[in-house]
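Below: the structure, in structure tokens.
2 protein chains.
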Amino acid sequence: MSKQASLALRDLGADTPCCPSLAQQRVPAGTATVLAPAFKALGDPVRLQLMSMIASAKGGEVCVCDLTPAFDLTGPTISHHLKTLREAGLVDAERRGTWVYYRARPAILRQLAALLTVEPTTAA
Amino acid sequence: MSKQASLALRDLGADTPCCPSLAQQRVPAGTATVLAPAFKALGDPVRLQLMSMIASAKGGEVCVCDLTPAFDLTGPTISHHLKTLREAGLVDAERRGTWVYYRARPAILRQLAALLTVEPTTAA
DNA sequence: CCTCTAGGTTGACGTACATCTAATCAATGT
DNA sequence: ACATTGATTAGATGTACGTCAACCTAGAGG
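This is the structure in structure tokens:
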């Protein structure tokens, strides 16, 4: 079930030109249905920090063993949040030996940022 | 209870320089706690479309009477979603005569966009 | 003043979510 | 092969969310 979300987000990159922007035109229902889960995934303080730790990591990736001790939560809970980020298409996971490494998907982040971008001067 | 969220978001604009960006440094727990509700508010397809309709409205504002018929939902449900957007500090409401008009808060949108903005070239 | 209409609020109900403990799977080292 | 460490999965529970039906509030107009 994690694959549909990732594929849907990837496909959306194809049928949208570049920067639709919330404020330029009404986002279609289909686009909203696809992108809302990504925002929802970022709508939790723990996941927002996890996303930031992954995106700002040196080398572009982080071991789960470095993420878990950063919170007062159990390992399974962190794993659950990482799964949510994964299913939202925001991150990728790769197992290398004993540890699992997470990596951000910059394209999706850029797409979400573009959607929220509004003109510097308020449109009259 | 809606005032705390708005004030918290406004305050955050003061103590943060301009564009912290997820990928430049780990977002502090406090910032995550304040901004996550804004992302959560956008994490629903209906609210994402409502936000878009409000932000893209001619004249910068929309009447609720124009928003409600755009969905297969009852009036109270739309009202509830608008309240969620209001409490997240994403929109402002103003009653003028019989109708209530909603207006976007560009500053908050810009802040969220800045947080998600990543470098065009992957940072090593 | 009283009624009508448009919005917003409250309470209730079903579902989804965040979190935990316990069990399972994967990889390394003795 | 066995035990150990790391990560995910499964089951359970309390809380929050989305939705609707019913009620309350505020202008408009007779």
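Chains A and B supply the protein sequences, listed in that same order.
Mapping to the numbering used here: the first sequence position 115 is 115, numbers consecutive.
Mapping to the numbering used here: the second sequence position 39 is 1039, numbers consecutive.
Idealized CB from N, CA, C, for every residue including glycine.
For R110/A, name the three-state secondary structure that DSSP assigns. As a first step, residue 110/A must be located in the first sequence, where it is residue number 110. In this structure, R110/A counts as helix in the three-state DSSP scheme.
Proximity of L90/A and L22/A at Cβ, strictly below 9 Å: Counting from one through the first sequence, the residue named residue 90/A turns up at place 90. Counting from one through the first sequence, the residue named residue 22/A turns up at place 22. It is not a contact, given that the beta carbons lie outside the stated cut-off.
Neighbour list for V118/A in chain B, Cβ cutoff strictly below 8 Å: Within the first sequence, numbered from 1, the residue matching residue 118/A stands at position 118. Within chain B, the residues near V118/A are A1055, A1104, P1106, L1109, R1110 and A1113.
Using 9 Å as the limit for Cβ to Cβ distance, is R47/A near chain B? The residue given as residue 47/A occupies position 47 in the first sequence. R47/A counts as touching chain B.
Stretch pair the segment 44 to 52 of chain A + the segment 1031 to 1042 of chain B: three plus CB contacts closer than 8 Å: yes
Within the same chain, show all residues whose beta-carbon is closer than 6 Å to that of V64/A, passing over the 5 residues directly before and after it, in chain order. Stepping through the first sequence from its first residue, residue 64/A is reached at position 64. Excluding residues within five positions, the ones whose Cβ falls inside 6 Å are V100.
Can the beta-carbon of A93/A be found closer than 9 Å to that of R105/A? Along the first sequence, read from residue 1 onward, the residue named residue 93/A stands at position 93. Along the first sequence, read from residue 1 onward, the residue named residue 105/A stands at position 105. No. Outside cutoff.
Who are the neighbours of A1027/B on chain A, taking C-beta pairs under 8 Å? Residue numbering aside, residue 1027/B sits at position 27 when the second sequence is read from its first letter. Note on identity: in this sequence residue 1027/B is Val, with Ala being the wrong assignment. Within 8 Å Cβ-Cβ: L48, Q49 and S52.
Flag K40/A as yes if its beta-carbon sits less than 9 Å from any beta-carbon of chain B, otherwise no. Taking the first residue of the first sequence as position 1, residue 40/A is located at position 40. Yes, because at least one Cβ of chain B sits closer than 9 Å to the Cβ of K40/A.
Are the Cβ atoms of L109/A and L1116/B separated by less than 9 Å? The residue given as residue 109/A occupies position 109 in the first sequence. The residue given as residue 1116/B occupies position 116 in the second sequence. For L109/A and L1116/B, yes; Cβs fall inside 9 Å.
Taking D1066/B as part of the beta strand (DSSP E), name the residues at either end of that continuous run. Indexing the second sequence from 1 puts residue 1066/B at position 66. Not the beta strand (DSSP E): D1066/B falls in the alpha helix (DSSP H), residues V1064 to L1067.
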